[in-house]
Structures are given as structure tokens and as C-alpha cells.
Amino acid sequence: MDLRDFIRVFRRQLVVIIAMTVIGLCAGAIVGLVTPQRYEASTQLMVSVDAGSTSSPVELTQGNSYAQQVVESYRSVLTSSLVLQPVIDDLGLDLTTDQLAAKVSTSLGTRGVIITTTVSDANPGQAARIANAIGDSFATVITDELERREQATSYRIRIIPVQPATVPTKPVAPNLPLSIMLGAVLGLGAGIGIALLRQVLDRRIRTLDDVEKAVAAPVLGGVALDPEASARPLIVANAPHDPRAEAFRSLRTNVRFLFPPHGTGVFVVTSPGPSEGKSTTAANLAIALGESGYRVALIDADLRKPRVASLFGIEGAIGLSDVLIGRVSVNDVIQRWGRGTFFVLPSGTVPPNPAELLGSDQMSTLIDDLKAAFDVIIIDAPPVLPVTDAAVLSRLTTGALLVAAAEATTTDNLTAAAERIVAVDGKVLGTVVTMLPVRGADKTAYGTYGYGALAKA
Numbered sequence: 001m002d003l004r005d006f007i008r009v010f011r012r013q014l015v016v017i018i019a020m021t022v023i024g025l026c027a028g029a030i031v032g033l034v035t036p037q038r039y040e041a042s043t044q045l046m047v048s049v050d051a052g053s054t055s056s057p058v059e060l061t062q063g064n065s066y067a068q069q070v071v072e073s074y075r076s077v078l079t080s081s082l083v084l085q086p087v088i089d090d091l092g093l094d095l096t097t098d099q100l101a102a103k104v105s106t107s108l109g110t111r112g113v114i115i116t117t118t119v120s121d122a123n124p125g126q127a128a129r130i131a132n133a134i135g136d137s138f139a140t141v142i143t144d145e146l147e148r149r150e151q152a153t154s155y156r157i158r159i160i161p162v163q164p165a166t167v168p169t170k171p172v173a174p175n176l177p178l179s180i181m182l183g184a185v186l187g188l189g190a191g192i193g194i195a196l197l198r199q200v201l202d203r204r205i206r207t208l209d210d211v212e213k214a215v216a217a218p219v220l221g222g223v224a225l226d227p228e229a230s231a232r233p234l235i236v237a238n239a240p241h242d243p244r245a246e247a248f249r250s251l252r253t254n255v256r257f258l259f260p261p262h263g264t265g266v267f268v269v270t271s272p273g274p275s276e277g278k279s280t281t282a283a284n285l286a287i288a289l290g291e292s293g294y295r296v297a298l299i300d301a302d303l304r305k306p307r308v309a310s311l312f313g314i315e316g317a318i319g320l321s322d323v324l325i326g327r328v329s330v331n332d333v334i335q336r337w338g339r340g341t342f343f344v345l346p347s348g349t350v351p352p353n354p355a356e357l358l359g360s361d362q363m364s365t366l367i368d369d370l371k372a373a374f375d376v377i378i379i380d381a382p383p384v385l386p387v388t389d390a391a392v393l394s395r396l397t398t399g400a401l402l403v404a405a406a407e408a409t410t411t412d413n414l415t416a417a418a419e420r421i422v423a424v425d426g427k428v429l430g431t432v433v434t435m436l437p438v439r440g441a442d443k444t445a446y447g448t449y450g451y452g453a454l455a456k457a
């Protein structure tokens with residue numbers, strides 16, 4: 001994914017990202033409001049070395065170095081039971097030494113001889129009392145220890161209070177603004193993570209790259225999404241200047257390059273699944289080819305759920321299936337539509353064995369007969385994945401055009417459909433992407449295929 005892909009993902013998932021950010025912000029605010037107040041009081045103690053009044057400068061320097069060496073070990077003494085137990089006893093605290101130690105933190109000053117002891121407590125006065133008591137207890141412990149060892153060294157350590165603890169007036173926690181900010185940041189991070197996860201798990205076609213990676217065939221065209229498509233399905237005939245009509249004419253131009261050098265081009269128009277726009281695509285492509293002066297035959301080979309007759313408003317009770325079983329002649333049921341050289345062969349009676357009829361010798365013979373009368377034959381076939389009809393037909397034709405709906409067809413289904421056609425020695429000549437978004441984050445993800453619709457929008 002490049003930067004544009006990330007931006008597109010974030011725009012597409014903007015609602016999720018904003019929602020998670022708001023949730024995080026609210027959670028941070030709640031945490032900040034319900035967290036008990038906590039106060040901190042600090043006392044500072046200096047570790048000093050008394051080398052005697054007659055000490056030389058060298059001895060004083062050595063004494064100072066000695067103090068810096070021992071002060072780190074003294075920090076651990078501050079939180080030991082040796083120091084804390086007397087504090088608990090003197091103040092009557094209902095705590096163990098471990099519990100009290102959890103409230104205490106220590107740090108060293110920049111010169112390494114000043115120890116800062118900080119006590120955290122819900123009661124500000126109690127925090128100050130404990131901090132001062134720890135300082136006193138620490139000084140006593142260190143002094144007593146040194147008295148037992150004074151013969152082992154020429155230095156005498158002194159603990160000097162530098163700054164006693166005072167009662168704090170403001171709590172250090174909770175910090176409501178900080179809690180809100182952290183909650184918002186965590187929510188934003190969670191939102192971005194969810195957005196990226198949804199992108200990874202979303203197998204629907206989003207860009208032309210998705211289509212090209214799914215099928216080893218070129219993208220022949222794209223048609224924009226139109227909420228009114230069901231009201232005017234034959235857009236090339238009904239609204240010739242509509243951007244969708246122009247899109248079908250662009251598709252016609254690309255399909256013309258797929259015609260065989262000699263003879264009639266026979267193309268199966270199918271899709272991986274239902275409701276992806278294959279019948280509308282086949283019908284409008286056929287009309288657009290007819291406008292160019294080609295002799296065009298559109299065959300409704302979807303013998304299970306035929307749509308062509310209803311799209312064109314013609315009688316479809318008798319048609320292809322009746323021709324294949326020898327009930328009628330093709331000349332009796334094929335119907336001219338419009339004033340040009342465009343004819344429609346409806347599906348006819350719904351048979352019990354569509355796949356057998358479409359793969360029969362009679363179907364092959366019918367296609368050969370129509371080749372003699374037409375320049376191009378468009379066959380509207382059933383979806384590839386639910387049934388085998390389209391795959392069977394692809395062997396009898398120049399090749400198949402796979403129709404995929406943007407943001408609906410999955411790349412897995414598109415790949416599976418192409419593989420099923422190739423498995424029976426059929427050819428996938430190209431893909432057509434329908435229902436291209438005209439608004440939102442994905443409107444620019446399909447190159448120039450949606451430019452007409454975008455101008456309209």
C-alpha cells in the first residue's frame with residue numbers, strides 16, 4: 001500500500017476512526033473523573049561526610065567522593081523495613097512495610113549527595129507526615145549503623161534535612177486533561193488499527209489493481225453506479241448522452257479490438273455471482289455495437305433467471321430453449337429491436353436441464369448459423385460460480401467478458417470464476433467493472449473509468 005492507498009482507507013473508514021477516537025476520549029474523561037485524588041509530598045536529605053576540623057583539602061575531597069559512593073546504597077535503605085517499620089509504629093499506620101514502600105519513591109540530585117523522598121497518598125497531610133517521618137527514621141538508622149562501624153573508617157556520615165515535606169495543596173492525579181488526551185490518542189490508534197484490519201480482511205474489489213490482480217486479463221471498461229439504473233436499464237438507447245451511456249460506448253470500442261481477424265465475434269457476458277450487472281452490461285453493449293452499424297444478435301442464455309426480454313419489453317415465452325429442443329426455428333423467435341440491425345433472441349421456456357442444452361450440439365449449430373447472419377453475437381449467460389452454464393458456453397465462443405461489481409464482488413470470487421472458465425478451455429478476454437462509486441473515498445480508485453459519472457456527480 002502506498003500513501004494514496006492509506007489515505008483512501010482512512011477516508012473510507014473515517015466514521016470508525018472518529019467513533020473510536022470519541023470513545024477513547026470519553027473513556028479517558030470517565031477514568032479521570034472516577035480516579036481517586038492522589039497527593040505527593042517530598043522531603044530532601046543530604047548525605048554529608050564529616051572528616052574532622054583538621055582535615056586537609058585532599059581528605060575533604062576524598063570524603064565527598066565517599067559520600068557519593070555510599071548514597072546509592074542508602075536509597076535502598078529508605079524503602080526497607082528497617083526504616084519503614086518505625087514510621088508505621090510512630091504514625092499508627094494500618095499498612096505493611098511492603099504497602100508503605102509502594103507509596104514511596106526516591107531520586108538522587110544532580111550532585112549525587114541529595115536524596116529526594118516522595119510519598120504518595122490520598123490524604124495530603126498524611127503524605128507530608130509520612131515523608132518527614134521517613135526522613136527522621138532514615139537519619140536514625142544511618143546514624144546507629146555508623147556508630148557501630150565508626151572504628152572501621154575515618155569518615156563520619158551525617159544526614160542533614162535540606163527541605164522538609166509540606167502539605168500539598170493540589171493533587172498530582174488524576175490529571176483530567178491528560179487523561180482525556182491519552183484516551184483520545186489511544187482511541188485514534190485503535191480506530192486506525194481497526195481501519196487497517198478491516199482493509200486487510202475486506203476482499204471486495206476496491207481498485208483497478210484489485211481486478212487486475214484477480215484476473216490475468218485487461219479491464220475493458222467501467223460503468224458508474226446509478227441509483228436510477230433499474231428505472232432506465234437500457235441507458236445507451238434511453239439517455240444516449242448520459243455518462244453511463246458513454247461508458248458503454250467506451251466498452252464497445254475496447255471490445256471491437258477483440259473481434260477475430262475474420263468472421264463473427266461471439267462473446268459470453270457473465271459474472272461470478274448474481275446482481276453484478278451482467279445482463280444490463282450485455283444489453284447496453286449490444287445496443288452500442290448496433291449503433292455502430294454492426295449486425296448484432298443478443299442471446300439470452302440465462303435459462304434459469306432470464307432478464308433480457310423484460311429489459312427490452314418483448315415477448316420471451318418462446319425463445320432459445322425452444323429452438324434447441326427443435327420446437328421452433330430461430331427465425332420464428334428472434335426479434336428485431338429498434339430500427340437498425342439489432343436482434344434479440346429471448347430465453348424461452350425454462351427447461352429442466354439448462355446446462356445440457358447450452359452444451360449441446362444444437363447450441364453449437366445455432367451459433368454457427370447465426371455467425372452467417374451477424375457480425376457480432378452477445379450471449380447473456382448465468383453467473384459462473386453457482387452453475388456451469390457460462391463455462392460450458394465459453395468453449396463455443398470467442399471468449400468471455402467477466403462482469404464484476406465494485407465494492408460487492410470479492411477478488412476471490414472473481415479469480416474463481418476466471419479459473420472455472422479456463423478449466424474448460426474457455427478464454428477470459430477481459431473484465432468489466434460495474435457500479436463504480438461516484439462519491440466517497442473510492443471514487444478516484446478506478447482511474448479514468450468513472451470520469452463521466454464524476455462530472456455528473
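full-length UniProt numbering puts the sequence shown at residues 1 to 457.
Even for Gly, the Cβ is constructed at its ideal location relative to N, Cα and C.
Every value quoted in this text rests on a predicted model; they were computed, and no experiment measured them.
Fully contained in the segment 207–233 are the following alpha helix (DSSP H) runs of length 4 or more, in chain order: 208–214.
For the pair L14 and A184, the CB atoms are not nearer than the 8 Å cut-off.
Excluding five sequence positions before and after Q44, the CB atoms of its chain that fall closer than 6 Å to its own CB belong to I114, T116, V162 and Q163, given in chain order. Within the UniProt domain "AAA" (277–393), the runs of alpha helix (DSSP H) at least 4 residues long that lie entirely inside it are, in chain order, 278–291, 308–312, 320–324, 330–333, 354–358 and 361–371.
According to the DSSP assignment, S81 belongs to the alpha helix (DSSP H) that extends over S81 to L91. If you check the CB distance, A217 and G32 do not come in under 8 Å. In terms of Cβ geometry, L303 and A283 do not form a close pair [threshold 8 Å].
Taken through DSSP and simplified to helix, strand or coil, E407 comes out as coil.
At the C-beta level, R256 and A373 stay beyond 8 Å of one another.
Shown here, S179 sits in a helix according to DSSP, grouped into three states. In the pairwise beta carbon analysis, the segment 270–290 is classified as not touching the segment 354–373: fewer than three pairs are separated by under 8 Å.
By the Cβ rule, the segment 388–406 does not count as touching the segment 318–333, because fewer than three pairs are nearer than 8 Å. The residue among V219, P243, P227 and L225 with its C-alpha nearest the C-alpha of L258 is V219. Taking all protein chains in view, the Cβ of D332 is surrounded by fewer than 16 other Cβ atoms within 10 Å, so the residue is classified as exposed.
A straight line joining the alpha-carbon of T143 with that of G187 spans about 53 Å.
In this structure, L108 is the residue among G92, L93, L108 and L95 with its C-alpha nearest to the C-alpha of L78. Secondary structure at V438: coil, using DSSP grouped into helix, strand and coil. Here A237 is buried, its C-beta having at least 16 other C-beta atoms within 10 Å. For the pair A408 and W337, the Cα-to-Cα distance works out to about 32 Å.
Rounded to whole angstroms, the Cβ separation of L251 and V432 is 6 Å, and the two are in contact under 8 Å. Counting the other CB atoms within 10 Å of its CB gives A102 a total below 16, which places it among the exposed residues. Residue burial annotation: S230 is exposed, with fewer than 16 other C-beta atoms found within 10 angstroms of its C-beta.
Burial check for D300: the Cβ neighbour count within 10 Å reaches 16 or more, so the residue is buried. Only buried fits G28, as 16 or more other CB atoms lie within 10 angstroms of its CB. E40 is bridged by DSSP to S120. The continuous alpha helix (DSSP H) containing T21 extends over residues L14 to V34.
Leaving aside the five residues that flank L385 on each side, the residues in its chain whose CB is nearer than 8 Å to its CB run, in chain order, P272, G273, N413, A416, A417 and R420.
Taking the Cα of I378 as reference, the smallest distance to any Cα among R11, P243, L298 and A288 is reached at L298. The shortest CA-to-CA distance from V83 to any of K170, P168, M46 and L100 is the one to L100.
Approximately 5 Å separates the beta-carbon atoms of A41 and A131; this is inside 8 Å, confirming the contact. With respect to L91, R129 sits close: the two C-beta atoms are nearer than 8 Å. Per DSSP, S250 is not a residue of any beta strand (DSSP E); the alpha helix (DSSP H) it occupies stretches across P243 to R256. In the three-state reduction of the DSSP assignment, L100 falls in the helix class, which pools H, G and I. A288 places its beta carbon less than 8 Å from that of R249.
Counting every other CB atom within 10 Å of its CB across the protein chains shown gives I205 a total of 16 or more, marking it as buried. A straight-line Cα-Cα distance of about 39 Å links P306 and R11.
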